[in-house]
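**Q** This is the structure I want to talk about, given as structure tokens.
In this note's numbering, the protein residues as written are 3 to 156.
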């Protein structure tokens, strides 16, 4: 399933699931067991920090109303816009997803070099809520979907 085995010294495990299903708990356990975890939400924040191309594109698309007085991205204001307008959400995703995917690829390239130098294979967990929607599933050797019943989720 992996991207032509571009990362031969890595075992890439995709982790996905809905909101409040326990992905963070599973990630934490896998990290404790020695896996390297890449959190796509954190990567999305990194690629939209002030001054980055992602930040500039988001502000260009949605205007100054998504910028705080301190000059950072106002994620609450942005959320109000994109979660009430499908086209706006698609526009945001078209900006952020490619940047996140590129950064994940860069991180995997770095881990591949480190793993090859050590002469061992390591497990990398990609914690990506929208794994399939973002098209990241194609680089995974295996995919885990975390699910939980409605009662524990509430």
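Backbone N, C-alpha and C fix where the C-beta goes; we use that ideal spot for every residue, glycine too.
Tell me, to the nearest whole angstrom, how far the beta carbon of residue 149 is from that of residue 99; I am working on the premise that it is less than 8 Å.
**A** Contact doesn't hold; Cβ gap of about 23 Å is too wide.
**Q** Can you round the beta-carbon distance between residue 31 and residue 106 to whole angstroms, since I take them to be within the 8 Å contact cut?
**A** Going by Cβ atoms, the distance from residue 31 to residue 106 rounds to 21 Å, so no, they are not a contact pair.
**Q** Find the nearest neighbour of residue 53 within the set 120, 72, 43, judged by alpha-carbon distance.
**A** For residue 53, the nearest C-alpha among the options comes from 72.
**Q** Taking the straight line between their C-alpha atoms, what separation do you get for residue 65 and residue 24?
**A** Answer to the nearest angstrom: the Cα atoms are 34 Å apart.
**Q** Looking at C-beta atoms only, is the number of pairs between the segment 73-87 and the segment 122-136 that lie closer than 8 Å three or more?
**A** As far as the Cβ criterion goes, the segment 73-87 does not touch the segment 122-136, which means the pair count is below three.
**Q** Is residue 42 buried or exposed, if buried means 16 or more other CB atoms sit within 10 Å of its CB?
**A** Answer is buried; the Cβ neighbour count reaches 16.
**Q** Between residue 16 and residue 145, which are expected to be in contact by the criterion C-beta below 8 Å, what is the C-beta distance as a whole number of angstroms?
**A** Between residue 145 and residue 16 the Cβ distance is about 4 Å, and since that is below 8 Å, they are a contact.
**Q** Taking the C-alpha atoms as reference points, what is the distance between residue 95 and residue 147?
**A** Whole-angstrom Cα-Cα distance: 21 Å.
**Q** Drop a sphere of 10 angstroms on the beta-carbon of residue 46, count the other beta-carbons inside from all chains shown, and report buried for 16 or more, exposed for fewer.
**A** Counting Cβ neighbours within 10 Å, residue 46 comes out buried, since at least 16 surround it.
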